[in-house]
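See structure below.
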Amino acid sequence: MSNNKKPLHKQDLNFIFGKKNYIFMFIGLAVIVLGFILMAGGGSDDPNVFNEEIYSFRRIRLAPTLVLLGFAIEVYAILVNPNKK
Numbered sequence: 502m503s504n505n506k507k508p509l510h511k512q513d514l515n516f517i518f519g520k521k522n523y524i525f526m527f528i529g530l531a532v533i534v535l536g537f538i539l540m541a542g543g544g545s546d547d548p549n550v551f552n553e554e555i556y557s558f559r560r561i562r563l564a565p566t567l568v569l570l571g572f573a574i575e576v577y578a579i580l581v582n583p584n585k586k
C-alpha cells in the first residue's frame, strides 16, 4: 500500500447568488403567494346559485397584479449583481 494521502482542502463555496438576491427572491415568493391567496375562494356552496363574489376587484384586478409583481421581483432578484456596492 502506498502512503500517498492527499490532504483534505476546504472547498471554496462560491454561490451564484448573494444574500441580497435571496432576500429579494423570498420577498417575490411571498408576494406571489399573497396574490394566489387573494385569488382563492368566491365559490358558491350551491352549484345552482351564481355568486357575484368571483368578479370582485380583489380577484380580478388586485390578485393577478400582485402575482405579476411577484414575478417581476423574482426576475430582478436573479438579475441584480450581489457584488455591486
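Taking this note's numbering, the leading residue of the sequence shown gets 502, the next gets one more, and so forth. Glycine included, every Cβ here is placed at the ideal spot set by N, Cα and C.
For residue i, count neighbouring C-beta atoms within 10 Å of its own C-beta (all shown protein chains included) and say buried if the count is 16 or more, exposed if not.
i	result
residue 578	buried
residue 536	buried
residue 571	buried
residue 567	buried
residue 543	exposed
residue 541	exposed
residue 574	buried
residue 531	exposed
residue 525	buried
What is the DSSP secondary structure of residue i, counted as helix, strand or coil?
i	result
residue 544	coil
residue 517	coil
residue 565	helix
residue 552	coil
residue 532	helix
residue 581	coil
Do the region 514-527 and the region 545-561 meet, that is, are 3 or more Cβ pairs less than 8 Å apart?
-> no
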